[in-house]
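Novice:
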Amino acid sequence: MPVLQAIPLRLSGSITALATPFTATGELDLQAWQRLLHAQLDAGTQAVVVAGSTGEAAALMDEEYDQLLRIAVEACRGRIPVLAGTGQSNTAKTIRFNRRVAALGADAALVVTPPYVRPTQAGLLAHFRAVADEGGLPVVLYNVPGRTGCDMLPETTGALADHPGIVGIKEARPEPERMQALLACRGDGFSVLSGDDPTAARAMLAGADGLVSVASNVVPKSMRRLCDLARSHDAVGAQALDAALAELYGFLGVEPNPIPLKALLALDGIGHGLRLPLQTLSSAYSAQATRLHAAISGIEERSRTAAA
970 MPVLQAIPLR LSGSITALAT PFTATGELDL QAWQRLLHAQ LDAGTQAVVV
1020 AGSTGEAAAL MDEEYDQLLR IAVEACRGRI PVLAGTGQSN TAKTIRFNRR
1070 VAALGADAAL VVTPPYVRPT QAGLLAHFRA VADEGGLPVV LYNVPGRTGC
1120 DMLPETTGAL ADHPGIVGIK EARPEPERMQ ALLACRGDGF SVLSGDDPTA
1170 ARAMLAGADG LVSVASNVVP KSMRRLCDLA RSHDAVGAQA LDAALAELYG
1220 FLGVEPNPIP LKALLALDGI GHGLRLPLQT LSSAYSAQAT RLHAAISGIE
1270 ERSRTAAA
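For our numbering, add 969 to where a residue sits in the sequence shown, where the first one is 1.
Quick look at the structure:
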């Protein structure tokens, strides 16, 4: 199935990797999902990811995944792109998954390196080329070796960047040398996106096109402003806002993502927990969550005022 895209997709700026809200009984909370989507749109978020790792994709049944994606596509159509997390450990399954989300209206697929199987770099080249050739959607590569056990090297990304159906990479390694190597191999039509909130400002000041963010679930206006400042090379403004967000970044990493994030969202009435084997935030961090939640409103208000 060929890639069908009338207008080339160019991703940039603040992109939110959305959490998936559940009810107290563990079902999808679709009202909360709508609230989360519209909060992102109102804040100026420039694209969203449905059912990535932050969205607990591995815990979703197929019909739940499809329902979340349909609602997101309907809410965002004509406003911002919707990316669907589709990466599987097998190439044929990934292709089939991409065709499914293409039929549901996704604008692109965020495709992680195959988890657990640890392919070689040649295997990664063959995998992603096949997915881009046959999956029916533009592909955004996703490299997060801490979760997958597989690190896609910059030279592999550079070879894939020339494929017309591969439109970018979300790179979750934080080292500045990794980002510089990726920026050096970037060409027209290929976006380099940070996948690491704590180092994203530095990456964008160095030339990265944007950020796929966890933090923007709870500070969407601030992350949009951070991206605008960094991408316009306002180092002083970007670094000041980044410093104000540093405690939030740290908190979001105290337990595996999205446990801390969902604790903050729950304080906003968006969702009530996670699905096993993930559990709710340890009580040792409850006070910090409450304090951060109170501070977030002030950070967001300052960003809103500054952007007005």
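Even glycine gets a Cβ: it sits at the ideal position worked out from N, Cα and C.
Write down the C-beta distance between Val1188 and Leu1214 rounded to the nearest angstrom, noting that I regard them as a contact closer than 8 Å.
Specialist: 7 Å
Novice: Which residue spans inside the segment 1113-1197 form an unbroken alpha helix (DSSP H) run of at least 4?
Specialist: Those alpha helix (DSSP H) runs which fall completely within the segment 1113-1197 and span 4+ residues are 1114-1117, 1123-1130, 1145-1153, 1166-1174.
Novice: According to DSSP, is Ser1022 helix, strand or coil?
Specialist: coil
Novice: DSSP puts Leu1110 in a beta bridge; with which residues?
Specialist: Per DSSP, Val1080, Ile1138.
Novice: Looking at Arg1068: is its Cβ nearer than 8 Å to the Cβ of Gly1105?
Specialist: yes
Novice: In the DSSP assignment, the alpha helix (DSSP H) including Ala1264 goes from what residue to what residue?
Specialist: 1255-1276
Novice: What is the DSSP secondary structure of Thr1063, counted as helix, strand or coil?
Specialist: Helix at Thr1063.
Novice: Helix, strand or coil for Ala1044, going by three-state DSSP, please let me know.
Specialist: helix
Novice: With a threshold of 8 Å on Cβ separation, who are the neighbours of Ser1266 within its own chain once the five nearest residues in sequence on each side are excluded?
Specialist: none
Novice: Shortest alpha-carbon distance to Thr994 belongs to which of Ala1016, Leu1243, Val1100, Arg1087?
Specialist: Leu1243
Novice: By the three-class DSSP mapping on this structure, what secondary structure does Ser983 have?
Specialist: strand
Novice: Using 10 angstroms around the beta-carbon of Asp1178, count the other beta-carbons present and answer buried if the total reaches 16, otherwise exposed.
Specialist: A residue is called buried when at least 16 other Cβ atoms come within 10 angstroms of its Cβ; Asp1178 meets this threshold and is buried.
Novice: Taking Arg1171 as the reference, which of Leu1247, Ile1135, Glu1146 has the closest Cα?
Specialist: Glu1146
Novice: Expressed to the nearest angstrom, what Euclidean distance is found between the alpha-carbon atoms of Thr989 and Glu1032?
Specialist: 14 Å
Novice: Whole angstroms is fine: what's the gap from Cys1045's alpha carbon to Gly1137's?
Specialist: 20 Å
Novice: Run the CB neighbour count on Arg979, radius 10 Å, all protein chains shown included, and call it buried at 16 or more, exposed below.
Specialist: exposed
Novice: Exposed or buried, Thr1126, counting other C-beta atoms within 10 Å across all chains shown (16 or more means buried)?
Specialist: buried
Novice: Go ahead and label Pro977 buried or exposed: buried means 16 or more other beta carbons lie within 10 angstroms of its beta carbon, across all protein chains shown.
Specialist: exposed
Novice: How far does the beta strand (DSSP E) with Val1051 in it reach, from first residue to last?
Specialist: 1051-1054
Novice: Pull up the distance between the alpha-carbon of His1241 and that of Cys1154, whole angstroms please.
Specialist: 43 Å
Novice: How big is the Cα-Cα spacing for Val1181 and Lys1139?
Specialist: Rounded to the nearest angstrom, the two C-alpha atoms are 7 Å apart.
Novice: Check the DSSP bridge columns for Ile1093 and list the partner residues they point to.
Specialist: One detail in the question is off: residue 1093 reads as Leu in this sequence, not Ile. Leu1093 has no beta-bridge partner at all, per DSSP.
Novice: Quick check: the Cα distance between Ala1237 and Pro1083, rounded to an integer number of angstroms?
Specialist: Checking the sequence shown, residue 1237 turns out to be Asp, not Ala. If you take the alpha carbons of Asp1237 and Pro1083, they lie about 34 Å apart.
Novice: Go ahead and label Leu1245 buried or exposed: buried means 16 or more other beta carbons lie within 10 angstroms of its beta carbon, across all protein chains shown.
Specialist: Using a 10 angstroms sphere on the CB of Leu1245, the tally of other CB atoms stays under 16, which defines it as exposed.
Novice: For Ala1212, which of helix, strand or coil comes out of DSSP?
Specialist: helix
Novice: By a C-beta neighbour count over all protein chains shown, 10 Å radius and 16 as the cutoff for buried, is Lys1231 buried or exposed?
Specialist: Buried: at least 16 other Cβ atoms inside 10 Å.
Novice: With three or more beta-carbon pairs closer than 8 Å as the criterion, would you say the segment 1151-1168 touches the segment 1196-1205?
Specialist: no
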